[in-house]
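K.L.:
First the structure, then my questions, so here it is.
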Amino acid sequence: MNAELLSLSNAPWLYIGAMLVKILVVFGVTMGIVAYATWAERKVIGHMQTRLGPMLTGWHGLLQPIADGIKLFFKEDIIPSQASRVPFILAPMMILIPSLITIAVVPFGTDLVVNVGGKAYAIPLQITDLNIGILYILAMAGLGVYGITLAGWSSNSKYSLLGGVRASAQMISYELAAGLAIIAVFMLSETLSMREIVLQQSGSILDWYVWKQPLAFVLFLVTGTAEINRTPFDMPEAESELVSGFCTEYSSMKYALFFMAEYANMIVVAAIMATLFLGGWAGPTPWGPVNLLGKIFAFMFFLMWIRATFPRVRYDQLMKLGWKVLLPLALANILVTGIVVVLQQ
Amino acid sequence: MEVLFFYLVALVAVLSGLIVVTAKSPVNSALALVNTFFCLAVFYVMLHAPFMAAIQIMVYAGAIMVLILFVIMLLNMGVEPHKKPTHIAWGAIGGTLVLLVSILFIQRGDTARAVGNISKDVVLREGHTALIGKAMFVDFLLPFEIASILLLVAIVGAVILAKKEV
Amino acid sequence: MENLVQMALQNVNMAAIMPSLVLCCFGMFLLMINVFMPRGKTTAASLISLLGLAVTFVVTLRAWNHPELGFAGHVALDNFATFFNVIFLIAAFLTVLMSDDYLHREGYPVGEFYPLVLFTTAGAMWMASGTDLMTVFLGLEVLSISLYVLAGLFRGQLRSNEAGLKYFLLGAFSTGFLLYGTALLYGVAGTTNIADIGFYLSAHGKMLQNPMTIAGMLLLAVGFLFKIAVVPFHMWTPDVYQGAPTPVTAFMSAGPKAAAFAALVRILILGLGGLQADWSSLLWMLAVLTMFIGNVTAIYQTDIKRMLAYSSIAHAGYALVGLVAANAVGISGILFYMLAYTFMNIGAFAVLVLAGKQGEDNLTLEGFSGFGYKRPFLGVAMSIFLFALMGIPPTAGFAGKFYIFAGAINAGYIWLAILGVLNSAISLYYYLRVMVYMYFREPQEDYGWVRMNPGTVVSIVLAIVGVLYLGVVPGKIMEMAKMALF
């Protein structure tokens, strides 16, 4: 029996219900990963530096994220008297929201078929499939920079301002290279929809785009790390020179929001990498969500590993790398891909 | 439903537009402008033009306005001093006149209906992104290429005017 | 996918954009060459750009009587476009000839000057040959942006900064009008193709009285009239002309003005011919205003560059008369007049380039006292150009004004022609005053700083030849101008 794609027109209540469940599950899982990513990062880096990391709160510190959350929640919320109040309050939200709504277009499994009233409906395991999915992600990633820039500016402190200025320059520079790097993937896939891109890679591991576009993969790995301001590109925070960069003046839950945003961003970049280059939910195991989560965890571990290993780059090196190495490489990659695509026709 | 949503977004867009011109601090103006761009992107989505919407946000909100904010922050521009009321009076008179004329035009104006061959059905069938690609690389190929010369000239000009020594 | 590539290639017709293509190639080649040039040496760049202009000239002349269409109706290299292309090339050629020595003298030997001039010319060509509002608009932008940079080239001089910034701000504003007008016309006709707009409007007569059509026409006209410097959109002209480097001013007064006329004529006649009653009455008033305000204000100027700026406003008014007439004689009169004006005005500016001291502080009327005795060649040349600007036979200015006013009389605008002649009489005063200073005042200086460098002298000689040729035997060129009509 052929399953009909569930939509607002054929079964409105089921559609709305399924939508709500999907949104809540994705949100819940994301926030859960965010919470335990903080724990994992401390553990991973701790063991890499032959320390133990958090051990006291719960078994091997497993309750540490909850304890941290409670602590931050009860801290005094300070708004500096010289700060611009409205942007200061808005900034943390403006960082977190774009990264959370980005996850909406990431597919995490094959269609789920349910039988209701004798009819079969296919529920896509993806909150929504935009036909311009990846552009939507890039657009939202572009909005994320406002939070950091505004946080830096509105704090009215020189460390914060320097962090904000660095963030805006860095993110604009790397956004360009990131966008150009994945254009090469679209030239092969001929679609911008995340769902379609995964379906095209679902045959076997050899269909993954990482084999056809290794350069684009590496470029996106580097630019993605820079986009989310992780080491070695954490210039906006740079705790050894700028105290804490753009979040120097923040405290309490607002400070926590910055951290949540950082880990949410890691999840987003990991999910995009997995979807575009590593087959998304398709393969190697038959369980879609497990595949995707496994790839996300692997990538997040990789980012933590980098943080434990590499020193921070200098600001001029960062700019030089972005504009003089990554951007030309991405353009050359597009050129070569274009020639190959035309020749194959 | 769609109409209600349109009016809601339109209200936000117009209010943000008003804040852009009335806000005292340039940063608030810039932020309100970002909001206006965002509302415009929503309109594009409602017109079945998601590609335009994404580009609108990526280019205007994500790049151009960030650069403007960047400049505002670097120049450390302060709050604008209070203006003389005469300017406001003239502005109000001029604005009212423009509004009246535009109302007249909108009332008597008439647009060509369905002149072009790109209707809603075509957009839904062929895909909006594909249509834009076709328009850009087939019908408007020459303007597209001229635009690249334009950008080259602009870059050369910016370097000449801004470089420390020529 | 595959058929898209084929479809795109079907529209491509390189022959239709060949002149601008050659110019752009030379421009980009020069940009690359400049990287390897020693700093402060621009002579080679100027020679290469002269070569580029000459090659383009040959390519352009081959297109005469061989009209080419292409790019899905975006460009038409017809005789009209070719005639204007020749004007732009002559303007650019004379400008580049006088620039090299000038740039060295003023201490800004910027190699990028020449590619920018080439790109400006290419932009002007797209304006003249564009048959779609989008192409025309982008051509205008290429032209304008290069000119903003060229006007502000002398970064250390406040006047030049002011010129660049003022031109940029007002130019950007006027571009906004132009785009808004384009959008409204697109809303009316559903196309940006100029000829298609014309067809649509003639098929749907009632759309002609639609306020949106009229608003679109007005806004488009504002955009172009700004570039032509027609009153009341002329405010930027004196400051920009005075502040910009003199060769740039020379080019600015001839090239962009002709380009804007080309685009305006094509749009008004082909696209909005149905609205002729509306736009000709509007342009009638603007032409009269422009002539009077330009000429009367020029009388009060003591700086010669500024005076020539107001005179160029007045000349825009004369040329506009031809557009008001909108008949064969009037329109081909515009073409002829633009060519004549290019020679006489750039020639006059070339004399100023030589006469000015470093820092351009000697371009007042007083500074020209006795100039004609100390520097006889330059004095005679300046006199010829001033006579031409006045419209005295046997110079190009007379022939040009003759054709334009003849066109106005043929079309029944006798009063307009009379006002034009009256204005020419007014202009005699301030042009003759320069000659009075040159020949009837005691020399205050010995003008030892005037260096007769070959480039500028060649440019002056070429301009004199052009002015006299067009004045003595105007018939042949006028015949070509008539063949250039669509």
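Chains as they are written, first to last, in our numbering: chain A, 1 to 345; chain B, 1001 to 1166; chain C, 2001 to 2486. All C-beta atoms, glycine included, are put in the ideal place defined by N, C-alpha and C.
Where DSSP assigns a beta bridge to alanine 1089 of chain B, which residues make up the other side?
P.N.:
Paired residue(s): none; alanine 1089 of chain B is not in a bridge.
K.L.:
Would phenylalanine 1070 of chain B pass as a contact of glutamine 1056 of chain B if the rule is Cβ separation under 8 Å?
P.N.:
Their beta carbons are not under 8 Å apart, which means phenylalanine 1070 of chain B does not touch glutamine 1056 of chain B by this criterion.
K.L.:
Looking only at its own chain, which residues have a Cβ that is under 6 Å from the Cβ of alanine 256 of chain A, when we skip the five neighbours before and after it?
P.N.:
Same-chain partners within the cutoff: Leu72.
K.L.:
Specify the secondary structure class of glutamate 1145 of chain B as computed by DSSP and reduced to three states.
P.N.:
In the structure shown, glutamate 1145 of chain B sits in a helix (DSSP, three-state: H, G or I).
K.L.:
Please report the distance separating the alpha-carbon of phenylalanine 2199 of chain C from that of glycine 2271 of chain C.
P.N.:
One C-alpha to the other measures close to 8 Å.
K.L.:
Looking at chain B, which residues of the segment 157-174 of chain A have a Cβ within less than 9 Å of any of its Cβ atoms?
P.N.:
Cβ contacts with chain B: Leu161, Gly164, Val165, Ser168, Ala169, Met171, Ile172.
K.L.:
When the Cα atoms are used, what is the spatial distance from alanine 2259 of chain C to alanine 2015 of chain C?
P.N.:
Cα-Cα distance, rounded: 20 Å.
K.L.:
Three Cβ pairs or more, each shorter than 8 Å: is that satisfied between the segment 2234-2242 of chain C and the segment 2096-2105 of chain C?
P.N.:
Output reads no: the segment 2096-2105 of chain C does not touch the segment 2234-2242 of chain C.
K.L.:
For serine 155 of chain A, count the other beta carbons within 10 Å of its own beta carbon; 16 or more makes it buried, fewer makes it exposed. Which is it?
P.N.:
The residue in question, serine 155 of chain A, is buried, as its Cβ has 16 or more Cβ neighbours within 10 Å.
K.L.:
Quick one: Cα of valine 1009 of chain B to Cα of phenylalanine 1043 of chain B, how far?
P.N.:
Taking the straight line from one Cα to the other gives about 8 Å.
K.L.:
Could you check whether valine 2222 of chain C and threonine 2290 of chain C sit closer than 8 Å to each other, using their CB atoms as the reference points?
P.N.:
Going by C-beta atoms, threonine 2290 of chain C is not nearer than 8 Å to valine 2222 of chain C.
K.L.:
Secondary structure at glutamate 2068 of chain C, three-state DSSP: helix, strand or coil?
P.N.:
Residue state, collapsed to three classes: strand.
K.L.:
Would you mind working out which of B/Leu1018, B/Met1001, B/His1048 sits nearest arginine 1125 of chain B, comparing C-alpha positions?
P.N.:
The shortest Cα separation from arginine 1125 of chain B among B/Leu1018, B/Met1001, B/His1048 belongs to B/His1048.
K.L.:
Compute the distance between the beta-carbons of glutamate 249 of chain A and serine 157 of chain A, then report whether it is under 8 Å.
P.N.:
The answer is yes: Cβ separation under 8 Å.
K.L.:
Can you find a C-beta in chain B that's less than 8 Å from the C-beta of alanine 2484 of chain C?
P.N.:
So, not an interface residue.
K.L.:
Please report the Cβ distance between glycine 2407 of chain C and glycine 2322 of chain C, rounded to the nearest whole angstrom; I am assuming they are in contact, meaning their Cβ atoms lie under 8 Å.
P.N.:
Between glycine 2322 of chain C and glycine 2407 of chain C the Cβ distance is about 5 Å, and since that is below 8 Å, they are a contact.
K.L.:
Is the beta carbon of isoleucine 2269 of chain C closer than 8 Å to that of alanine 2326 of chain C?
P.N.:
Closer than 8 Å, so yes.
K.L.:
Mind checking who glycine 288 of chain A pairs with in its DSSP beta bridge?
P.N.:
Bridge partners of glycine 288 of chain A: none, in fact.
K.L.:
For glycine 2273 of chain C, which residues of its own chain have a beta-carbon under 7 Å away from its beta-carbon, when the five flanking residues on both sides are left out?
P.N.:
Excluding residues within five positions, the ones whose Cβ falls inside 7 Å are Gly2198.
K.L.:
Report yes or no: is there a C-beta of chain B within less than 8 Å of the C-beta of alanine 139 of chain A?
P.N.:
Closer than 8 Å: yes.
K.L.:
What first and last residue would you give for the alpha helix (DSSP H) that runs through alanine 2076 of chain C?
P.N.:
Counting along the chain, alanine 2076 of chain C falls outside any alpha helix (DSSP H), though it belongs to the beta strand (DSSP E) covering 2075-2077.
K.L.:
Between phenylalanine 220 of chain A and isoleucine 148 of chain A, how many whole angstroms is the CB-CB distance? I'm expecting something under 8 Å.
P.N.:
Rounded, the Cβ-Cβ distance is 21 Å, inconsistent with contact.
K.L.:
Ignore the nearest five residues each way along the sequence and tell me which others in methionine 1 of chain A's own chain have a CB closer than 8 Å to its CB.
P.N.:
Legend: pLDDT at methionine 1 of chain A = 47, less than 50; position of this residue unreliable, no value from coordinates given.
K.L.:
What do you reckon, are the CB atoms on leucine 2138 of chain C and alanine 1147 of chain B nearer than 8 Å?
P.N.:
Yes; because the gap between Cβ atoms is below 8 Å, this pair is in contact.
K.L.:
Please classify isoleucine 137 of chain A: is it buried, with 16 or more other beta-carbons within 10 angstroms of its beta-carbon, or exposed?
P.N.:
Its Cβ being crowded by 16 or more others within 10 Å, isoleucine 137 of chain A is buried.
K.L.:
Using a Cβ-Cβ cutoff of 9 Å, what residues of the segment 2111-2136 of chain C are near chain B? List them in chain order.
P.N.:
Correct list: Gly2111, Glu2112, Phe2113, Pro2115, Leu2116, Phe2119, Thr2120, Ala2122, Gly2123, Trp2126, Gly2130, Asp2132, Met2134, Thr2135.
K.L.:
Let me check understanding here. Comparing Cα to Cα, which of C/Gln2358, C/Val2458, C/Arg2441 lies closest to glycine 2448 of chain C?
P.N.:
If we check each option's Cα against that of glycine 2448 of chain C, C/Gln2358 comes out closest.
K.L.:
Report the neighbours of glycine 142 of chain A on chain B: residues whose CB is nearer than 9 Å to its CB, in chain order.
P.N.:
Simply Ile1057, Met1058, Val1059, Ala1061, Gly1062, Ala1063, Val1066.
K.L.:
Throw me the rounded Cβ distance for the isoleucine 123 of chain A and leucine 112 of chain A pair, which I believe falls under 8 Å.
P.N.:
Right, the Cβ-Cβ distance comes to about 5 Å (below 8 Å), so this counts as a contact.
K.L.:
Where does methionine 1 of chain A fall in DSSP's three states?
P.N.:
Because methionine 1 of chain A carries a pLDDT of 47, less than 50, the predicted location of this residue cannot be relied on, and the following value inherits that uncertainty. Coil at methionine 1 of chain A, not helix or strand.
K.L.:
Keeping to the same chain, check which residues put their C-beta closer than 6 Å to that of isoleucine 16 of chain A; ignore five residues upstream and five downstream.
P.N.:
Hits under 6 Å: none found.
K.L.:
Sort A/Thr309, A/Ala261, A/Leu292 by Cα distance to leucine 276 of chain A and report the nearest one.
P.N.:
For the residues A/Thr309, A/Ala261, A/Leu292, the minimum Cα distance to leucine 276 of chain A belongs to A/Leu292.
K.L.:
My parser needs the beta strand (DSSP E) runs of 3 or more residues fully inside the segment 2305-2354 of chain C; what are they?
P.N.:
If we require 3 residues or more, the segment 2305-2354 of chain C turns out to have no beta strand (DSSP E) run fully inside it.
K.L.:
What in chain B is Cβ-close to isoleucine 2145 of chain C, meaning under 8 Å?
P.N.:
Per Cβ cutoff of 8 Å: Leu1150, Val1153, Ala1154, Gly1157.
K.L.:
Establish whether the CB of proline 1026 of chain B and some CB of chain C are separated by less than 8 Å.
P.N.:
Not an interface residue.
K.L.:
Could you pull out every residue in the same chain whose Cβ sits closer than 8 Å to the Cβ of valine 2142 of chain C, ignoring the five residues on either side in sequence?
P.N.:
The residues are Phe2119, Thr2120, Ala2122, Gly2123, Trp2126.
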